[in-house]
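Line order of the protein sequences matches chains A and B.
Quick note, in the working numbering, the first sequence goes up one by one and the last residue is 161.
Quick note, in the working numbering, the second sequence goes up one by one and the last residue is 161.
Even for Gly, the Cβ is constructed at its ideal location relative to N, Cα and C.
Predicted model, so just to flag it, every value in this text is computed and none were measured.
Input: a single structure, listed below in structure tokens.
Number of protein chains: 2
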Amino acid sequence: MPHSDEVIRAAGLKVTPVRRAIVALFAESLRPLTPRDVHVRLLEQFSRSGLPGVYRNLETLAERGILFRIAGFGQVRRYALCPKPGSGHQHHIICVACGRIDRIDECLYHDGMMVGGYRLLSHTMQFEGVCASCLSETNNGQS
Amino acid sequence: MPHSDEVIRAAGLKVTPVRRAIVALFAESLRPLTPRDVHVRLLEQFSRSGLPGVYRNLETLAERGILFRIAGFGQVRRYALCPKPGSGHQHHIICVACGRIDRIDECLYHDGMMVGGYRLLSHTMQFEGVCASCLSETNNGQS
DNA sequence: ATCTTAAACGGAAAACATTTCCATTTAAGA
DNA sequence: TCTTAAATGGAAATGTTTTCCGTTTAAGAT
Chain A
19 MPHSDEVIRA AGLKVTPVRR AIVALFAESL RPLTPRDVHV RLLEQFSRSG LPGVYRNLET
79 LAERGILFRI AGFGQVRRYA LCPKPGSGHQ HHIICVACGR IDRIDECLYH DGMMVGGYRL
139 LSHTMQFEGV CASCLSETNN GQS
Chain B
19 MPHSDEVIRA AGLKVTPVRR AIVALFAESL RPLTPRDVHV RLLEQFSRSG LPGVYRNLET
79 LAERGILFRI AGFGQVRRYA LCPKPGSGHQ HHIICVACGR IDRIDECLYH DGMMVGGYRL
139 LSHTMQFEGV CASCLSETNN GQS
């Protein structure tokens with residue numbers, strides 16, 4: 019796994035302490051993070067971190083293919099690390115029971131195909147369901 | 019096509035002038051409308067219409083299956099008339115060239131199926147593409 | 001080791017969409 | 001009519017995201 023600095027530098031961005039910390043945050047996190055999540059955690063290290071800076075960095079990192087921007091779950095934006103930098107779009111599913119969010123790797127749509135008379139350029143999806151873990155709990159009557 | 023009043027009454031809601039106007043608005047509109055769209059048009063008839071009332075009514079009508087709430091295109095919510103009241107979810111596609119939004123009737127996912135280890139309960143999608151009309155214009159060299 | 005400069009930053013404030021609160025009005029059944 | 005729960009408008013709050021601007025800083029050049 020490449021060090022945060024290399025990832026940032028490879029994207030043509032300046033390596034700053036804040037940026038290093040943000041990328042490290044996502045590398046350690048198992049779930050997508052909201053700008054607020056990121057800001058709260060940054061404040062532990064940088065007491066003067068500002069929310070606008072967080073937004074700017076998340077968007078910049080997303081533009082460069084390091085992060086993926088997840089929209090559509092409520093009105094809060096989330097970001098996740100791209101498995102490989104620049105590795106296309108992602109779809110996510112949230113468990114209505116426990117709130118965990120997972121990435122979905124397969125997708126039934128691909129850009130370029132025809133959908134409803136349109137030529138598809140991009141698509142986003144949001145799934146809600148019950149994760150395997152919660153499914154088995156429910157089956158055990160723990161609901 | 020049932021009159022607005024009947025639709026509203028059938029949903030167990032009071033028939034008010036504002037509500038009648040809102041349903042009529044959607045019945046006449048070819049495209050999904052934002053709360054702001056609706057508010058602006060209501061102001062033509064009801065000079066004292068308030069945005070909170072619009073939001074309330076749109077949500078109420080959506081809960082009762084008369085309207086469908088479309089999220090995920092930017093951070094602006096839209097609503098469209100359900101073809102048949104209560105007729106499940108819808109997906110929409112926006113043309114990046116001309117901005118028109120159409121409903122997509124077929125869908126490759128259905129709730130209940132397994133997706134990524136989850137049992138799917140609901141899903142939303144947003145598609146971007148080029149509509150047939152803009153596709154043909156492009157092909158004619160009108161770029 | 002400095003210099004220089006564009007990029008990055010923090011902070012305040014603005015911009016929006018959406019929601020809450022509350023007092024008033026109104027539709028609909030009695 | 002009367003009564004009442006539902007619906008409404010307006011002001012204000014909430015929460016997210018963006019803009020603006022002056023200051024700081026990383027990074028390549030000197």
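Residue-level contact check: residue 63 of chain B does not touch chain A, since none of the beta carbons of chain A fall below 9 Å from its beta carbon.
Using a CB distance cut-off of 9 Å, residue 140 of chain A counts as an interface residue toward chain B. Scanning the stretch 26–81 of chain A from its first residue to its last, the whole alpha helix (DSSP H) runs of 4-plus residues come out as 35–46, 53–63, 69–81. Here residue 83 of chain B is not near residue 142 of chain B, since their CB atoms are 9 Å or more apart. For residue 153 of chain B, the C-beta contacts it makes with chain A under 9 Å involve 135, 136, 137, in order along the chain.
Look at the stretch 83–117 of chain A and you find these whole runs of beta strand (DSSP E), each 3 residues long or longer: 85–88, 96–99, 109–113. Within the same chain, 39 come within 7 Å of residue 63 of chain B by CB-CB distance, once the 5 residues on both sides are set aside.
The beta carbons of residue 121 of chain A and residue 134 of chain B sit closer together than 9 Å. Taking a beta-carbon distance threshold of 9 Å, residue 30 of chain B does not count as an interface residue toward chain A. Residue B/139 holds the alpha-carbon nearest to the alpha-carbon of residue 114 of chain A among B/117, B/139, B/113, B/100. Exposure of residue 101 of chain B is indicated by the presence of fewer than 16 other C-beta atoms within 10 angstroms of its C-beta.
Sorting A/98, A/48, A/118 by C-alpha distance to the C-alpha of residue 150 of chain A places A/118 at the top.
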